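Quick note, the sequence shown lines up with residues -17 to 102 if you use the working numbering.
Virtual Cβ for every residue (Gly too), placed ideally from N, Cα, C.
The model shown is predicted, which means the values in this text are computed figures rather than measured ones.
Comments concern the structure below.
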Amino acid sequence: MPISTDRFENIDEEADEPTPGTNPHKILSFLEANPDQAFTQSEIAEETDVTRGSVGPTLVRLRKSGRVDHRGKYWRISDHTQSLDDAADHAGAVAASYEEESFDYDEWQAHAVDPRQDRE
């Protein structure tokens, strides 16, 4: 089935999270589980069961998308990716803490502002 050129242009943007079971997912999962360490391609291959021939090209694609960092012969999860994961975890924890508290809708409504009121 054909797709529009707009959708074609945004295909890379749609694929933020790798599909579970794929080489990028295996490598990212391993590196995310070890954020305080950097690994060689051989070490990544051994730990993830991704073939050595696939690890290099996959890491290059992940580096281009900003998911991993590379220095010398070592690779690690990027600080940006780790920050996003930490922020998502924090937001989830905050949301969960509010779910445990009772919420008084009437009290909230007394102070709520309708953003439509001040529109021009």
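- Secondary structure remark: continuous beta strand (DSSP E) runs of at least 3 residues inside the stretch 27 to 89, in chain order: 50 to 53, 56 to 59.
- Apart from sequence neighbours up to five positions away, the residues of its chain that approach I26 with a beta-carbon distance below 8 Å are I9, F12, L13, V32, V37, L41, W57, ordered along the chain.
- Looking at the backbone, the Cα of E(-9) and that of S47 are separated by about 16 Å.
- Ranked by how close their Cα comes to the Cα of G54, the residues A69, N5, T22 have T22 in first place.
- Excluding residues up to 5 positions away in sequence, P6, I9, L10, V50 lie with their Cβ nearer than 8 Å to the Cβ of L44 in the same chain.
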